[in-house]
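Visitor: Mind having a look at this structure? Questions to follow.
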Amino acid sequence: MQTIQDVMTRDVQSISPQETIQRAAQMMDELNVGSIPVLDGRKLVGMITDRDITVRATAAGQAPGSTRVGDVMSTDVRTCSPNQSVDEVLGQMGDVQIRRVPVVDAQSQEVVGIVSMGDMATKHSGGIERALEEVSSPSKPDRSAPESQTRH
640 MQTIQDVMTR DVQSISPQET IQRAAQMMDE LNVGSIPVLD GRKLVGMITD
690 RDITVRATAA GQAPGSTRVG DVMSTDVRTC SPNQSVDEVL GQMGDVQIRR
740 VPVVDAQSQE VVGIVSMGDM ATKHSGGIER ALEEVSSPSK PDRSAPESQT
790 RH
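When we follow the working numbering, the leftmost residue of the sequence shown carries the number 640, and every step to the right adds one.
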């Protein structure tokens with residue numbers, strides 16, 4: 640049985656909740672990633688995604704140079720442990736439609752890695768198709784549309 644530590648990316652870059660979303664976007668561009676764990680000291684407090692920046696900040700007219708990561712990040716972060724099975728985590732990712740999960744050490748509670756659908760697809764074969772299908776299914780927006788868009 641393959642575990643998360645067999646497929647995860649270990650060298651994880653993080654950002655502080657006090658940084659700007661402009662800096663988060665620059666880091667995503669430099670690292671060629673779509674999300675970055677948000678750490679307050681060593682504690683995981685959220686994830687900032689390209690979608691958070693686009694939907695929660697830019698679409699709402701917030702300025703990238705002054706809006707803080709902590710204001711738009713996702714705080715309900717699913718995590719996994721290095722010893723969990725790949726199949727179990729893959730199922731959870733599909734169930735809640737997420738593509739990346741921080742890996743947190745049970746003892747220290749520190750982020751020790753991140754696992755993505757891409758990691759699973761390249762390093763593990765079983766079950767990826769079903770999880771990808773579930774993650775790719777449309778879901779409801781995480782905020783309601785402005786009234787001007789709901790009236791016809």
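Just so it is clear, CB atoms sit at the ideal spot from N, CA and C, and this is done for glycine as well.
Just curious, the beta strand (DSSP E) that Asp679 is in, first and last residue?
Guide: As a working mapping, residue 679 is identified with position 40 in the sequence shown. Looking at the DSSP string, the run of the beta strand (DSSP E) that includes Asp679 is 674 to 679.
Visitor: Pick out whichever of Lys762, Met756, Thr648, Ala663 has its Cα sitting closest to the Cα of Val708.
Guide: As a working mapping, residue 708 is identified with position 69 in the sequence shown. When only C-alpha atoms are compared, the closest one is Ala663.
Visitor: So, are the CB atoms of Met647 and Pro721 less than 8 Å apart?
Guide: Sequence index remark: in the sequence shown, residue 647 carries index 8 (1-based). Sequence index remark: in the sequence shown, residue 721 carries index 82 (1-based). Yes. Within cutoff.
Visitor: Can you tell me whether DSSP reads Val694 as helix, strand or coil?
Guide: Within the sequence shown, residue 694 is the residue found at index 55, counting from 1. In this structure, Val694 counts as helix in the three-state DSSP scheme.
Visitor: My understanding is that Ser724 touches Asp691, with C-beta atoms under 8 Å, so please give their C-beta distance in whole angstroms.
Guide: Translated into the one-based positions of the sequence shown, residue 724 becomes position 85. Translated into the one-based positions of the sequence shown, residue 691 becomes position 52. About 29 Å separates the two Cβ atoms, so there is no contact after all.
Visitor: Tell me the rounded alpha-carbon separation between Leu678 and Ser655.
Guide: The residue given as residue 678 occupies position 39 in the sequence shown. The residue given as residue 655 occupies position 16 in the sequence shown. Distance between the alpha carbons of Leu678 and Ser655 is about 5 Å.
Visitor: For Gln661, which residues from the same chain have a beta carbon less than 6 Å from its beta carbon, with the 5 sequence-adjacent residues on both sides left out?
Guide: Indexing the sequence shown from 1 puts residue 661 at position 22. Excluding residues within five positions, the ones whose Cβ falls inside 6 Å are Pro703, Gly704.
Visitor: Determine the extent of the beta strand (DSSP E) in which Val725 is found, giving its start and end residues.
Guide: As a working mapping, residue 725 is identified with position 86 in the sequence shown. First-last for Val725: 725 to 735, but that is the alpha helix (DSSP H), not the beta strand (DSSP E).
Visitor: What residue from Ile737, Ile687, Val750 has the CA that sits closest to Gly757's CA?
Guide: Numbered from 1 along the sequence shown, position 118 holds the residue referred to as residue 757. With distances taken between Cα atoms, Gly757 lies closest to Ile737.
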